[in-house]
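Residue numbers (the working numbering): 385 to 488.
Have a look at this one:
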């Protein structure tokens, strides 16, 4: 079981992803904390399918990273136009480029 604190926005995102056919986790129990505007979902599993572990194959980690990147571009791609996300230093860009090369 996985318990996750969640808010309404995250719940709606999960619903949207599910409608689009993405393998998002299904909550099996929904708890509300009346003292705070937080809700807790209990999931039977975090992601449908395989779980990633530190000893998982490199390809499994790469595939997961690719899937997350595709999700981000689809649902949050407009963020690229926000000045905050474009304010990256050359050192940070070099680090990101090295990380991408390592994963290839």
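Glycine included, C-beta positions come from ideal geometry on N, C-alpha and C.
Item: Three-way DSSP call (helix, strand, coil) for residue 468 in this model; Value: Below a pLDDT of 50, predicted positions are generally treated as unreliable, and residue 468, at 49, falls in that range; no measurement from the model is reported.
Item: 8 Å contact criterion, which residue 396 and residue 408 should meet: CB distance rounded; Value: Not a contact, Cβ separation roughly 12 Å.
Item: Helix, strand or coil at residue 408 according to DSSP, with G and I counted as helix; Value: coil
Item: Spatial neighbours of residue 443 in its chain, beta-carbon cut-off 6 Å, leaving aside the 5 residues before and after; Value: none
Item: Whole-angstrom distance between residue 406 and residue 482, CA atom to CA atom; Value: 30 Å
Item: CA-to-CA distance, residue 448 to residue 441, given in whole angstroms; Value: 11 Å
Item: Cα-Cα separation, residue 393 to residue 400; Value: 11 Å
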